[in-house]
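A.B. asks: I have a structure I would like to understand better, so I am pasting it below and will then ask my questions one at a time.
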Amino acid sequence: MMVKDVLVAFAIGGGLCALAQLVLDLTRTNPAYVMVLFVSLGSVASGLGLYEKLAQLAGAGAVVPLPGFGHALTSGMLEGAAREGFLGLLKGGLEATSMGLTVAILFGYLFSILFNPKG
Amino acid sequence: MGDGGLSRKLGKQTVRYLNPPVILASATVVGPREGAGPLGSQFDVVKEDHTLGEKTWEKAERRMLEEACALVLRKARLRFQDVDLFLAGDLLNQIISANYAARTLGIPFLGIYGACSTLTEALALGGMLVDGGFAGRLLLTSSSHYMSAERQYRYPTEFATQRPPTAQWTVTGAGAILLGIGTSGVAVTSATVGKVIDAGMSDPNDMGSAMAPAAAEVIYQHFCDTGADPTSYDVIVTGDLGKVGSELLHRLLAERNLDLRDRHLDCGVAIYSDQQDPHAGGSGCACIAVVFAGPLLRRLEVGRYNRMLLVATGALFSPVTWKQGESIPCIAHAVAVERREG
């Protein structure tokens, strides 16, 4: 059972990444656009109720890649709206993603101190 | 007064020097990757560390440039005061490498920008200044650094974005040439100043294809203006078209019944080996500067080549215009150099 979960997570997570790589290679775009596109896709799919099903199936394979962030934003906003109405809609997105964002900022800062980037 | 009054003008875009200036000395400083390449042993100084122990990439690039300037003067047994003008350019915003080097050198300074065509722009202008009697000795340089150029034009290298196969690797290095009045040695005989050509390309990861049409145009114009053909030169050198751009250049010239494949050398292709995985080849202001001021000039001096056409191409875009979706305008200048026995 455990092995099957891992394989499904790998296949779906890897499939999402492969899709992003194809967009990057086959169109004249750049990484920033691909990032925004995939977060938006995840957000829309979440709003339509599709991404939650994918997340249940693939676990980290669906939550870790970029669309997972879009999913977290949308589901957080919907939860906030259900709880507190309009104000909750505004707060919910960042509440649901606060850990990911904080970790990104924290580690970004930590590594900039450790490795002193020059770029 | 028509063209008849212009004794040095040839055809539409070419200048022929009546008193051709000669290259009095040259110096090259390169980074470790260039030093490990096929031409590595033919550069004057190879740095082991691409930071040169400096805190920023800009300082590292500037140090290489200043070292190349000091070395070229040492080779010519001259001091900075003996040089009339310093013509320099690089790839960074406001050509800061050249500006800061000029601050250190204290030579009257004219900053120029032609992106990777800067070396031939400097040679063409330098030739005019010497031939016209405006300067006796000129210091010409161009420099680039892989790390500073990536940040300037694409992404900071720490971002670790993927490089497509058409991408080129900016050469880390600086080339310095001392041009002046003389009778023997390698002389600059004519220069064809290019027009800005925009073939509508907009991918900063495929500069070779963007620049090839400008190179084809200026080579064709040079032959029209001077009456020369590819066989008039032992070698026709392009700056940094790379593999992708070189193939396009051959195709574009074939449409005009010109074939220079048997005598074409692209500095971007020559500077790295395939094992170094440079993708489409080297690029940058320093690419043709170090390959010409080092290996190619030696080959002219020893007579392996007698006549050389140098064609450096430059992509004249900025990161801002690229993000605004504009295409990449390009330029190329051609300069003829030849060996003269004293």
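Protein chains in written order, with the numbering used here: chain F, 896 to 1014; chain S, 20 to 361. Glycine residues also receive a C-beta, built at the ideal position from the N, C-alpha and C atoms.
Inspect the beta-carbon positions of S/Leu58 and S/Val310 and report whether they are closer than 8 Å.
C.D. replies: By 1-based counting over the second sequence, the position of residue 58 of chain S is 39. By 1-based counting over the second sequence, the position of residue 310 of chain S is 291. Yes, these two residues count as a Cβ contact at 8 Å.
A.B. asks: If you follow the alpha helix (DSSP H) that S/Asp150 is part of, which residue opens it and which one closes it?
C.D. replies: Numbered from its first residue, the second sequence carries residue 150 of chain S at position 131. 137-150 is the extent of the alpha helix (DSSP H) around S/Asp150.
A.B. asks: For S/Gly227 and S/Gly261, which I take to be in contact (beta-carbon distance under 8 Å), what is that distance rounded to the nearest angstrom?
C.D. replies: Translated into positions along the second sequence, residue 227 of chain S becomes position 208. Translated into positions along the second sequence, residue 261 of chain S becomes position 242. Confirmed, about 4 Å.
A.B. asks: Less than 8 Å separating the beta-carbons of S/Asp103 and S/Gly155?
C.D. replies: As a working mapping, residue 103 of chain S is identified with position 84 in the second sequence. As a working mapping, residue 155 of chain S is identified with position 136 in the second sequence. Yes, the pair counts as a contact, with Cβ atoms nearer than the cut-off.
A.B. asks: Can you list, in chain order, the residues of its chain whose CB lies under 7 Å from that of S/Asn118, leaving out five sequence neighbours each side?
C.D. replies: Within the second sequence, residue 118 of chain S is the residue found at index 99, counting from 1. Only Gly130 meet the Cβ criterion.
A.B. asks: Thinking C-beta only, is S/Lys94 closer than 8 Å to S/Ala46?
C.D. replies: Stepping through the second sequence from its first residue, residue 46 of chain S is reached at position 27. Stepping through the second sequence from its first residue, residue 94 of chain S is reached at position 75. Yes, the Cβ-Cβ distance between S/Ala46 and S/Lys94 is below 8 Å.
A.B. asks: Could you give the distance in angstroms between the alpha-carbon of S/His241 and the alpha-carbon of S/Leu277?
C.D. replies: For the purposes of this step, residue 241 of chain S is identified with residue 222 of the second sequence, where counting begins at 1. For the purposes of this step, residue 277 of chain S is identified with residue 258 of the second sequence, where counting begins at 1. Using only the alpha carbons, I get a separation of about 12 Å.
A.B. asks: Comparing the C-beta of S/Asp101 with each C-beta of chain F, is any distance below 8 Å?
C.D. replies: Position 82 of the second sequence, counting from 1, holds the residue named residue 101 of chain S. With 8 Å as the cut-off, S/Asp101 does not count as an interface residue toward chain F.
A.B. asks: So, for F/Gly988: in the same chain, excluding its five sequence neighbours on each side, which residues have a beta-carbon less than 6 Å away from its beta-carbon?
C.D. replies: For the purposes of this step, residue 988 of chain F is taken as the residue at position 93 of the first sequence. These residues qualify, in order along the chain: Leu968, Gly971, Met972.
A.B. asks: Using a beta-carbon distance cut-off of less than 8 Å, what residues from the stretch 214-230 of chain S approach chain F?
C.D. replies: Cβ contacts with chain F come from Ser221, Asp222.
A.B. asks: Go through its chain and collect everything with a Cβ distance to S/Gly21's Cβ below 7 Å, but skip five positions before and after it.
C.D. replies: By one-based count along the second sequence, residue 21 of chain S stands at place 2. Bear in mind that the predicted position of S/Gly21 carries a pLDDT of just 48, short of 50, making it unreliable; the figure below should be weighed with that in mind. So no residue of the chain qualifies.
A.B. asks: Output the distance between the C-alpha atoms of F/Val959 and F/Gly908, rounded to the nearest integer angstrom.
C.D. replies: Here the question's residue 959 of chain F lines up with position 64 in the first sequence. Here the question's residue 908 of chain F lines up with position 13 in the first sequence. Each residue's alpha carbon lies about 8 Å from the other.
A.B. asks: Enumerate in chain order the residues of its own chain whose CB-to-CB distance from S/Val205 is below 8 Å, with the five nearest sequence positions on each side excluded.
C.D. replies: Position 186 of the second sequence, counted from the first residue, corresponds to residue 205 of chain S. Around S/Val205: Val41, Ile42, Leu316, Leu319, Glu320, Val356, Glu357, Arg358, Arg359.
A.B. asks: Using CA atoms only, rank isn't needed, just tell me which of S/Ile350, S/Asp248, S/Ile290 is closest to S/Met327.
C.D. replies: One-based indexing of the second sequence puts residue 327 of chain S at position 308. For S/Met327, the nearest C-alpha among the options comes from S/Asp248.
A.B. asks: Can you give me the Cβ contacts of F/Ala955 inside the same chain, cut-off strictly under 6 Å, excluding the 5 residues immediately before and after it?
C.D. replies: To locate residue 955 of chain F, count along the first sequence from 1; it is residue 60. Here the set comprises Ala904.
A.B. asks: Go ahead and label S/Glu53 buried or exposed: buried means 16 or more other beta carbons lie within 10 angstroms of its beta carbon, across all protein chains shown.
C.D. replies: Residue numbering aside, residue 53 of chain S sits at position 34 when the second sequence is read from its first letter. Buried: at least 16 other Cβ atoms inside 10 Å.
A.B. asks: Under 8 Å between C-beta atoms, does S/Trp76 make it to chain F?
C.D. replies: Looking up residue 76 of chain S in the second sequence gives position 57. At least one chain F Cβ lies under 8 Å of S/Trp76.
A.B. asks: For the stretch 265-285 of chain S and the stretch 169-183 of chain S, state whether three or more C-beta atom pairs, one from each stretch, are separated by less than 8 Å.
C.D. replies: Verdict: no, contact absent.
A.B. asks: Start and end of the alpha helix (DSSP H) containing S/Thr245?
C.D. replies: Stepping through the second sequence from its first residue, residue 245 of chain S is reached at position 226. Segment 226-245, the alpha helix (DSSP H) holding S/Thr245.
A.B. asks: Between S/Arg81 and the rest of its own chain, which residues show a CB-CB distance below 7 Å, the 5 nearest in sequence each way excluded?
C.D. replies: Counting from 1 along the second sequence, the entry for residue 81 of chain S is found at position 62. Cβ neighbours of S/Arg81 beyond the five flanking positions: Ser116, Tyr119, Ala120.
A.B. asks: When you compare the stretch 338-357 of chain S with the stretch 204-221 of chain S, are there three or more beta-carbon pairs, one atom per stretch, that lie closer than 8 Å?
C.D. replies: They touch, by the three-pair rule.
A.B. asks: Does the beta carbon of S/Ile347 sit closer than 8 Å to a beta carbon anywhere in chain F?
C.D. replies: Locating residue 347 of chain S in the second sequence gives position 328, counting from the first residue. No, S/Ile347 does not count as interfacial toward chain F.
A.B. asks: Roughly how many whole angstroms lie between the Cα atoms of F/Leu996 and S/Glu73?
C.D. replies: Within the first sequence, residue 996 of chain F is the residue found at index 101, counting from 1. Within the second sequence, residue 73 of chain S is the residue found at index 54, counting from 1. Going by the C-alpha atoms only, they are around 33 Å apart.
A.B. asks: Mind checking whether S/Ala308 and S/Gly219 have CB atoms under 8 Å apart?
C.D. replies: Translated into positions along the second sequence, residue 308 of chain S becomes position 289. Translated into positions along the second sequence, residue 219 of chain S becomes position 200. For S/Ala308 and S/Gly219, no; Cβs fall outside 8 Å.
A.B. asks: Ordered along the chain, which non-local residues of its own chain (more than five positions away) have a Cβ less than 6 Å from that of S/Leu267?
C.D. replies: Locating residue 267 of chain S in the second sequence gives position 248, where the first residue counts as 1. So the qualifying residues of the chain are Ser228, Ala231.
A.B. asks: Leaving out five residues on either side along the sequence, give the residues of the same chain with a beta carbon under 6 Å from the beta carbon of F/Val918.
C.D. replies: The sequence position of residue 918 of chain F within the first sequence is 23, counting from 1. The answer, listed in chain order, is Val929.
A.B. asks: Bridge partners of S/Val349, per DSSP?
C.D. replies: For the purposes of this step, residue 349 of chain S is taken as the residue at position 330 of the second sequence. Just to set this straight, residue 349 of chain S is Cys in the shown sequence, not Val. DSSP output for S/Cys349 lists S/Ile216, S/Ala334 as bridge partner(s).
A.B. asks: Please identify, using Cβ separations under 7 Å, the residues of the stretch 921-936 of chain F that lie next to chain S, in order along the chain.
C.D. replies: Against chain S - using a Cβ distance shorter than 7 Å - the residues of the stretch 921-936 of chain F are Arg923, Pro926.
A.B. asks: Which runs of the beta strand (DSSP E) fall wholly inside the stretch 156-216 of chain S and span at least 3 residues, in chain order?
C.D. replies: Within the stretch 156-216 of chain S, the complete beta strand (DSSP E) runs of at least 3 residues are 156-163, 192-199, 204-211.
A.B. asks: Under the DSSP definition of a beta bridge, which residues are partnered with S/Asp285?
C.D. replies: Position 266 of the second sequence, counting from 1, holds the residue named residue 285 of chain S. According to DSSP, which records beta bridges pairwise, S/Asp285 is partnered with S/Thr257.
A.B. asks: Do you know offhand how far S/Pro39's Cα is from S/Ala55's?
C.D. replies: Within the second sequence, the letter at position 20 stands for residue 39 of chain S. Within the second sequence, the letter at position 36 stands for residue 55 of chain S. Taking the straight line joining both Cα atoms gives about 35 Å.
A.B. asks: Can you find a C-beta in chain S that's less than 8 Å from the C-beta of F/Pro960?
C.D. replies: In the first sequence, residue 960 of chain F corresponds to position 65, counting from 1. Not one chain S Cβ lies under 8 Å of F/Pro960.
A.B. asks: Do S/Asp253 and S/Asn325 come within 8 Å of each other at the CB atom, strictly closer than that value?
C.D. replies: As a working note, residue 325 of chain S is residue 306 in the second sequence. As a working note, residue 253 of chain S is residue 234 in the second sequence. The answer is yes: Cβ separation under 8 Å.
A.B. asks: Would you mind telling me which residues of chain S sit closer than 9 Å to F/Gly1014, beta carbon to beta carbon, in chain order?
C.D. replies: Here residue 1014 of chain F refers to the residue found at position 119 when the first sequence is read from its first residue. Residues of chain S passing the Cβ test: Trp76, Met166, Ser167, Glu169, Arg170, Tyr174, Pro175, Thr176, Glu177, Phe178.
A.B. asks: Just confirm the distance between the C-beta atoms of F/Ala957 and F/Ala950, as a whole number of angstroms; I'd bet it's less than 8 Å.
C.D. replies: Translated into the one-based positions of the first sequence, residue 957 of chain F becomes position 62. Translated into the one-based positions of the first sequence, residue 950 of chain F becomes position 55. With a Cβ gap of about 4 Å, F/Ala957 and F/Ala950 count as contacting.
A.B. asks: Would the beta-carbon of F/Gly983 fall within 8 Å of that of F/Ala976?
C.D. replies: Locating residue 983 of chain F in the first sequence gives position 88, where the first residue counts as 1. Locating residue 976 of chain F in the first sequence gives position 81, where the first residue counts as 1. In contact: F/Gly983 and F/Ala976 (Cβ atoms closer than 8 Å).
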